[in-house]
Amino acid sequence: MDLDAFTELLTPRGLRALAEAGELAGADPVAAATTLRKTYDAALTSAALTQAGLRQRARAKFGADADRMFFTPHGLEQATRTEVAAHRAALLPALLPTQAPALPPALPPSGARVVDACCGIGGDLLALARAGCTVTAFDTDPLTVAVARANAEAFGLGERVTVHVGDAAEVRPEEYDALFADPARRTGRGRTFDPMAYSPPWPVVLDLISRARLACLKVAPGIPYEFIPEGALAEWVSYKGEVKEATLWTGAGVTAGRRAALLPGGHTLTATGVTAEVGPPGRYLYEPDGAAIRAHLVGEVAELVGGRLMDPMIAYVTSDAPADTPWAARYEIEDIIPFSLKKLRAALRARQIGNVTIKKRGSAVDIERLRADLRLSGENTMVIALTRILDKPSVILCKPSSPA
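Numbering (our numbering), first residue to last: 1117 to 1520.
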């Protein structure tokens, strides 16, 4: 889809074509295209069907909003999930170093002026505008800019949002109350985990945040710790048990540290410096949420459940008594055996286990290969955790534990 085709999609005729394409979602692609071609030309038919397909995919991230939004394939891939973007936008006012200057009467007086240096299709700028901010956004791709503008208009936020074609390196963050940046993390070879390969590159990003009164930087959750700027507040965000991203906050109103957030519950956990003890396995096994692990908060999770580590290098916590926390899944341990395919198979057969959930930490075993090699049969289910306990490869046989 090119810019001209997208522009036509925004006309009354184009919107009718898009609505009809949405009704054909799930139909045979050739049949759908044939139906639309009876009324519309090839370019508009293709644009409408492409957009309808993207909206279907986008529902996982944007829910009902997806049916009013516009996307590009790459923009949808990188866009922030609605709940995560809203969580981040809600934090911004509390971290501003001073009260934002007065804004036009149409906006809340507490609204901040935010520059979005690489806005993509606008998932975050929508959240910021909904939170009362005025947003000036930039992206290098004219089509992406048009999509971001259309999304702001679709939700009646056009007066709060201005989107320009421009390079992030040319943004002047010192002219705004806050900077938001979400560098692209894909190259021609696919997703990149190297911040130096971000677009804009890491040195440009660091220059931008160094000039901002408050900066909010969205990065991959696996960002190496050495890339986290000194004095930053780093937060890892988990949504329904899956770590989605990390956010780095810098500025005069920011207190350096590490924390994790669980959505949709809104739970937060902050680093306190506690170190978990190491001791023998107890009756219960806890698997900390990935955001807590990424934020190096396993010690804090262990403290919450009155637990300890079985191995100083493995993020599994154990305790003798059950404790409830949103920060870890709890299992009741039935047995622990040295890792051996023969012994594991025998242990599972003795329990008539026909289905296993396999977890691992500190193990190089291929899970799918192991599942096939176990040749399970039986009516019962079990959770097995492949791990190391004081450097000894081990298997923990357990079952989910109900709330205490």
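We put the beta carbon where it would ideally sit given N, CA and C, even for glycine.
Remember, predicted model here, so these are calculated numbers, not experimental data.
| Check | Outcome |
| --- | --- |
| Which of helix, strand or coil does DSSP assign to G1494? | coil |
| Tell me the rounded alpha-carbon separation between T1133 and T1161. | As written in the sequence, residue 1133 is Ala, which differs from the Thr given in the question. Those two C-alpha atoms are separated by around 7 angstroms. |
| Just the Cα atoms here: how many angstroms apart are L1219 and E1269? | Low local confidence applies: a pLDDT of 38 at L1219 is under 50, so the model's placement there is unreliable, and no value is given. |
| Starting from R1375, trace the beta strand (DSSP E) both ways and give me its first and last residue. | G1373 to L1379 |
| Taking the beta strand (DSSP E) that F1343 belongs to, which residues open and close that run? | Segment: none, F1343 is in no beta strand (DSSP E) and carries neither H nor E. |
| Would you call the stretch 1479–1487 in contact with the stretch 1439–1446, where contact means no fewer than 3 C-beta pairs closer than 8 angstroms? | no |
| Taking F1296 as part of the beta strand (DSSP E), name the residues at either end of that continuous run. | A1294 to A1297 |
| Report buried or exposed for L1503, applying the criterion of at least 16 other Cβ atoms within 10 angstroms of its Cβ. | The identity of residue 1503 in the sequence shown is Thr, whereas the question assumes Leu. T1503 should be labelled buried. |
| Considering only the alpha carbon of each residue, which of F1186, I1505, A1247 and N1471 lies closest to G1238? | F1186 |
| Mind reading off the beta-carbon distance from Y1400 to E1448? Whole number of angstroms is fine, and I expect it under 8 angstroms. | 6 angstroms |
| Tell me whether W1318 sits in a helix, a strand or coil according to DSSP, three-state version. | helix |
| Quick check on DSSP: helix, strand or coil for F1122? | helix |
| Considering only C-alpha positions, which residue in the set E1290, S1326 and T1391 is nearest to P1428? | T1391 |
| By Cβ distance, which residues of its chain are closer than 8 angstroms to V1370, with the 5 residues on each side in sequence left out? | L1211, L1330, G1347, A1348 and L1349 |
| Identify, in the order they occur along the chain, each residue of the same chain with its Cβ nearer than 8 angstroms to the Cβ of L1322, setting aside the five sequence neighbours on each side. | P1345 |
| Which parts of the stretch 1207–1284 are runs of the beta strand (DSSP E), unbroken and 3 residues or longer, counting only runs that do not cross its ends? | 1229–1232, 1250–1255 and 1277–1281 |
| Helix, strand or coil for K1154, going by three-state DSSP, please let me know. | coil |
| Does the Cβ of M1426 lie closer than 7 angstroms to at least one heavy atom of the ligand NAD? | The ligand NAD is not part of this structure, which contains no ligands at all. |
| For the beta strand (DSSP E) containing R1446, list its first residue and its last residue. | A1444 to P1454 |
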